[in-house]
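Scroll down for the structure; my scribbles are underneath it.
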Amino acid sequence: MSLFKKSLIQKSYKYKLLEDGISKEDILEAKNVLDSKQITMASKTRKFEEMFAKKMGTKYALMVNSGSSANLLAIFAAGNPLRQNNLKKGDEVIIPVLCWSTSLWPLVQFGLKPVFIDIDPKTLNVNEDELIEKITPKTRCIFLVNVHGNSCDLFKVKKIAKKKKIILIEDSCESLGSKLKNKYLGTFGDFGTFSFFYSHQITSGEGGMIVCNNDKDYEILFALRSHGWLGGTRFYTRKLKSYNYYAKRYPSLDPRYIFVNSGFNLRPTDIQAAIGLNQFTRLKKLIRNRKQNRRLIINSLKKDKRWKNQFQFIEPAKNINPSWMGLPIIIDKKYKKQKMKFLSYLDSIGIETRPIISGVFTNQPATKLYNLNPTKKKFNKAQSVQELGFLIGLHQKKISKDNLFLIRDSFLNIDKI
Ligand SMILES: Cc1ncc(COP(=O)(O)O)c(C=O)c1O
């Protein structure tokens, strides 16, 4: 029987993963799109992409229907035959073992060989020096996951990747708005991906974005997102350089229906774009509020006379100005055996919790199905995060006193569980 009886009835939580994630204005924006009857991808998507690229400081941004889709596109674009130095089946890709399912699966779906590496439990991210040590002549790509608003020294990793002609992809699905020395996470690599799923820094329900700086990469992403097609929407075609080239080269084809690449359908709707765009305009405020809530929760625990370092909190990595998604927490190892009971207790009194991403991903049965860790390599540091870590939400509005007390008192009850 599940320890988490309430998980499917989110409304009964007093402290949810996310509270009031969608504002009245967001709903109005979505309604305007519905009223216009232009629901499929159109001008709102385009506008969101343009604003996103401008703010992130990248040449291009392309919206998709989820962060997972953005990861899928990144890998299939990196391996596309139209790309120079493209990935080939069997190539080795370094990936942190503390990752999300769809950080990993696009590699497997393309036929690449994931090489898992451990993480630094203090930041939840890989350590750049340990990562660089793991690079071999077979490494063709580094697929980094910027976990919970943190990252390693991406300047250093980027420099090495460039020197060794290794493709660098950043899964920044959990880190929208975090900066490393004033540069946004997700903008260091050849591709950077973002998620707008529920409880992320901004949410459009479902949604995601992929950024890049190279014209060719953008055109590949563009075609792959939508059936392998360069046309398909009057909101874009004029911007695409190769459109006229193909139209001239294939005069017998209807120029609106030229398929130039393989493809998926990963397009968002303009409803998602309208909500995402509206949220994006208040990202700064959302980041500020989450930071303040994090501070309030940690202070209320640490200032209480019952505080005995029962928990540790993940701090920003060196030179990171963080944009937190949730509040990852590591319990002291003396409570290791009680952890699930403690989480079940939090659940029963109305505090919603989650694991830190999916823990050590090679522990998951799906990786056994594909024999992804044939040597049964151990990842001790990520393992400790799996065994001792969990997460509560950080809300976009100031946390109420009631919820602050609820968290403080229940957390400090851990000794009695
Ligand atoms: C690191 C990471 N990558 C990818 C994703 C997938 O994003 P989505 O849920 O939008 O598909 C998530 C989801 O939370 C994530 O945490």
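Numbering of the sequence shown is given in our numbering, commencing with residue 948 and proceeding in unit increments. Think of the CB as a built atom: it goes at the ideal place given N, C-alpha and C, for glycine as much as any other residue.
Looking only at C-alpha atoms, which of the options sits nearest to residue i?
i: Ile1041; options: Ile1296, Asn1027, Ile1082 and Leu1293; result: Ile1082
i: Arg1253; options: Ser1270, Asp1356, Ile1296 and Lys1315; result: Asp1356
i: Phe1102; options: Gly1136, Lys1112 and Asp1118; result: Gly1136
i: Ile1277; options: Lys1265, Ser1331 and Ile1218; result: Ser1331
i: Leu1319; options: Leu1123, Val1055, Met1272 and His1174; result: Val1055
i: Gly1273; options: Ser1119, Lys1284 and Arg1241; result: Arg1241
i: Leu1293; options: Ile1364, Trp1052 and Lys1163; result: Ile1364
i: Leu1051; options: Lys1231, Arg1030, Asn979 and Val1092; result: Val1092
i: Lys1323; options: Glu1334, Leu1335 and Val1307; result: Val1307
i: Thr1216; options: Asp967, Lys1315, Phe1143 and Gln985; result: Gln985
i: Asp1100; options: Ile1303, Ala1264, Lys1328 and Asn1327; result: Ala1264
i: Leu1200; options: Leu1177, Ala1221, Asn979 and Lys1188; result: Leu1177
i: Gln1031; options: His1174, Ile1167 and Phe999; result: Ile1167
i: Pro891; options: Gln1219, Asn1072 and Gly1297; result: It is not possible to answer for residue 891, since the shown part of the chain is limited to 948 through 1364.
i: Ile1218; options: Leu965, Glu1299, Gly968 and Asp973; result: Asp973
i: Tyr1183; options: Arg993, Thr1300 and Leu1290; result: Arg993
i: Pro1084; options: Ser1119, Gly1133, Lys1111 and Ile1361; result: Lys1111
i: Ile1022; options: Leu1171, Lys1002 and Asn1074; result: Leu1171
What do you get for residue i, buried or exposed, if any count of 16 or more other CB atoms within 10 angstroms of its CB means buried?
i: Arg1214; result: buried
i: Thr1228; result: exposed
i: Tyr1190; result: buried
i: Tyr1165; result: buried
i: Gly1037; result: exposed
i: Met948; result: In this predicted model, Met948 has a pLDDT of only 46, less than 50, meaning its place in the structure is not dependable enough to derive any value.
i: Ile1327; result: The sequence shown places Asn at residue 1327, not Ile. The residue in question, Asn1327, is exposed, as its Cβ has fewer than 16 Cβ neighbours within 10 Å.
i: Tyr1192; result: exposed
i: Lys1344; result: exposed
i: Glu1394; result: Lying outside 948 to 1364, the shown extent of the chain, residue 1394 is not represented and no answer is given.
i: Arg1237; result: buried
i: Thr1366; result: In the structure as shown, the chain starts at 948 and stops at 1364, and residue 1366 therefore has no counterpart that could be examined.
i: Pro1302; result: exposed
i: Leu975; result: exposed
Would the beta-carbon of residue i be found less than 6 Å away from any heavy atom of ligand 1?
i: Phe1308; result: no
i: Cys1099; result: no
i: Glu1121; result: yes
i: Val1092; result: yes
i: Thr1049; result: yes
i: Lys1135; result: Before going on, a small fix: residue 1135 reads as Phe here, not Lys. No, since every heavy atom of ligand 1 falls outside the 6 Å radius drawn around the Cβ of Phe1135.
i: Ser1446; result: Residue 1446 cannot be examined here, being either before or after the span of the chain that is shown, 948 to 1364.
i: Ser1013; result: yes
i: Phe1144; result: yes
i: Gly1155; result: yes
i: Asp982; result: no
i: Asp1118; result: yes
Does residue i come out as helix, strand or coil in the three-state DSSP assignment?
i: Gln1311; result: coil
i: Thr1322; result: coil
i: Tyr1165; result: helix
i: Ile1157; result: strand
i: Met948; result: With a pLDDT of 46 at Met948, under the threshold of 50, the modelled position of this residue cannot be trusted, and the question is left open.
i: Tyr1282; result: helix
i: Glu1117; result: strand
i: Val1062; result: strand
i: Phe1144; result: coil
i: Ala1264; result: coil
i: Lys1126; result: strand
i: Ile1339; result: strand
i: Arg1087; result: strand
i: Ile1041; result: strand
i: Ser1270; result: coil
i: Trp895; result: Because the chain spans 948 through 1364 in this model, residue 895 falls outside it and cannot be assessed.
i: Val1011; result: strand
i: Lys1348; result: helix
i: Trp1052; result: helix
i: Asn1240; result: helix
i: Ser1305; result: coil
i: Asp1362; result: helix
i: Pro1317; result: Looking at the sequence provided, one finds Tyr at residue 1317 rather than Pro. Of the three classes helix, strand and coil, the one that applies to Tyr1317 here is coil, per DSSP.
i: Ser1098; result: coil
i: Asn1072; result: strand
i: Asp1201; result: coil
i: Ser990; result: helix
i: Ile1234; result: helix
Assuming the contact rule is C-beta atoms closer than 8 Å, residue i and residue j should be a hit. Round their C-beta distance to whole Å, please.
i: Ile1245; j: Ile1346; result: Ile1245 to Ile1346, Cβ: 11 Å. No contact.
i: Lys1116; j: Cys1088; result: Looking at the sequence itself, residue 1116 is Ile, so the reference to Lys does not match. The pair is a contact, with the Cβ atoms about 7 Å apart (cut-off 8 Å).
i: Gly1154; j: Ser1125; result: Wrong, their Cβ atoms sit about 18 Å apart, outside the cutoff.
i: Tyr962; j: Asn1350; result: 5 Å
i: Leu1009; j: Phe1206; result: Not confirmed; about 18 Å, so no contact.
i: Thr1086; j: Glu1121; result: Contact flag wrong, Cβ pair sits at about 24 Å.
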